[in-house]
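Residue numbers (the numbering used here): 934 to 1289.
1. Any contact of the region 1075-1088 with the region 1046-1063, i.e. 3+ C-beta pairs under 8 Å?
2. Check residue 1254 in the structure and name its three-state DSSP category.
3. Near residue 1216, which residues of its chain fall below 7 Å by C-beta distance, leaving aside the five closest residues on each side in sequence?
4. Which residue from 1208, 1260 and 1202 puts its Cα closest to that of residue 1233?
5. For residue 1003, which option in 1022, 970 and 990 has the closest C-alpha, if you only look at C-alpha atoms?
6. May I have the straight-line CA-CA distance separating residue 939 from residue 1020, to the nearest angstrom?
7. Considering only their Cβ atoms, is the gap separating residue 1271 from residue 1238 smaller than 8 Å?
8. Answer yes if the region 1083-1099 comes into contact with the region 1060-1070, meaning at least three C-beta pairs across the two stretches below 8 Å, and no otherwise.
9. Do you know offhand how far residue 954's Cα is from residue 986's?
10. Out of 1200, 995, 1259 and 1223, which has the shortest C-alpha to C-alpha gap to residue 1250?
11. Less than 6 Å between C-beta atoms, sequence neighbours within five positions excluded: which residues of the same chain meet that for residue 1014?
12. Please state if the CB of residue 1128 and the CB of residue 1107 are separated by a distance shorter than 8 Å.
13. Would you give the residue range spanned by the alpha helix (DSSP H) that residue 1036 belongs to?
14. Give me the Cα-Cα distance between residue 1167 and residue 1182, rounded to the nearest whole angstrom.
15. Three-state secondary structure (DSSP) at residue 1147?
16. Taking its Cβ as the centre, do 16 or more other Cβ atoms sit within 10 Å of residue 1148, making it buried, or is it exposed?
17. Tell me whether residue 1178 sits in a helix, a strand or coil according to DSSP, three-state version.
18. Taking the alpha carbon of residue 1016 as the reference point, which residue from 1218, 984, 996 and 1133 has its own alpha carbon closest?
19. Which same chain residues end up closer than 7 Å to residue 1138 when comparing Cβ atoms and leaving out the 5 residues on each side of it in sequence?
20. Beta carbon of residue 1214, beta carbon of residue 1195: below 8 Å?
21. Report yes if the CB atom of residue 1101 is closer than 8 Å to the CB atom of residue 1060, and no otherwise.
22. Thinking C-alpha only, which one of 1031, 1156 and 1136 is nearest residue 1145?
23. Here's a check: name, in chain order, each residue in its chain whose Cβ is nearer than 8 Å to the Cβ of residue 1142, leaving out the five neighbours to either side.
24. Starting from residue 1222, trace the alpha helix (DSSP H) both ways and give me its first and last residue.
25. Assuming residue 998 and residue 1008 make a contact with CB atoms under 8 Å, what is their CB distance in whole Å?
26. Put residue 984 into one of helix, strand or coil per three-state DSSP.
27. For residue 1041 and residue 1032, what's the separation of their Cα atoms in angstroms?
28. Taking 6 Å as the limit between beta carbons, can you name the residues of its chain near residue 1054, skipping five residues before and five after?
29. To the nearest angstrom, how far is it from the Cα of residue 978 to the Cα of residue 990?
30. Check each candidate in 935, 976 and 958 and name the one with the smallest Cα separation from residue 945.
31. Given that a residue counts as buried once 16 or more other Cβ atoms are within 10 Å of its Cβ, and exposed if not, what is residue 993?
32. Leaving aside the five residues before and after residue 1206 along the sequence, list all residues of the same chain whose C-beta is less than 6 Å from its C-beta, in chain order.
33. Need the endpoints of the alpha helix (DSSP H) that residue 1103 sits in, please.
34. Three-state secondary structure (DSSP) at residue 1201?
35. On a CA-only basis, which of 1134, 1159 and 1164 is nearest residue 1179? Give me that one, please.
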């Protein structure tokens, strides 16, 4: 036998010895080992070792499949040489189970797909999910206060792990913009809703809220002007806020017009004019006060002058003249005489040609 052949046999013997040590260190191997060869030649031992390794692999494969199934991963498409790496699979599954519930479903699917290529691919995929989970810890409080926002962050961060930090920063900004917890719930069921869109909606909402608060302070009004917004879609809530501002402006115009009408009527009935208020809150009160004063003044005049004379007074003060169906000439003359006696002055204006 040549020296080279001896060296080759020695190398084969060392390989067999090493493989035997690995095989016999597995506690589950004892019950599945095939019978030893009758002739203990190197070739026979090598064949026996291959048979023993194959026999030992079956329980490991069964164990690996069970472990994957318990983790929610279908092992049908995973090669046997991957399933045979029990220790590596055990570590991967333990890491997978440690992920937050929100990330688990997607990570489970991705790890299962990666295992069809190998444990190294699965470890790389799992590492990305672990980094996302670590990044999400900084906004963990949002999960309880705004669960819809947290789920949206998880979705975008897991779809783009490289952008996880920027996604979390955007979510933190949105949380800050929504200054009151659970003031409203955003409708995130709409197709295509993203954090960018939500951020835009929230910013527009806060602008509208700021305008409304400025309006309420300026007009002396309080928060009771704002209806409860909890449960309202944010775009609808923004429309509500904008409508309140418009309503307050319309009311201010209407109140000023009504106040001026009442002031004019009081002046016609001999009452000194007051200045118009400038804020809605005080205009509301002024309308009530002026209406009350007008009613009192009319009651006093009704008692002192009588209804016919009071009717004539209001028509003449407005620049008109009662129709004959409202008062005869005799009734009109009598009413005018009574008004003059009561201290009223009646003046006539010449109709100049240049006014025609």
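Ideal placement from N, C-alpha and C gives every residue a C-beta, glycine not left out.
Let's see:
1. no
2. coil
3. 1185, 1188, 1189, 1192 and 1210
4. 1202
5. 1022
6. 36 Å
7. yes
8. yes
9. 12 Å
10. 1200
11. none
12. yes
13. 1034-1048
14. 23 Å
15. helix
16. buried
17. helix
18. 996
19. 1167, 1170 and 1171
20. no
21. no
22. 1156
23. 1174
24. 1213-1238
25. 5 Å
26. helix
27. 10 Å
28. 1047
29. 18 Å
30. 976
31. buried
32. 1196 and 1200
33. 1097-1110
34. helix
35. 1159
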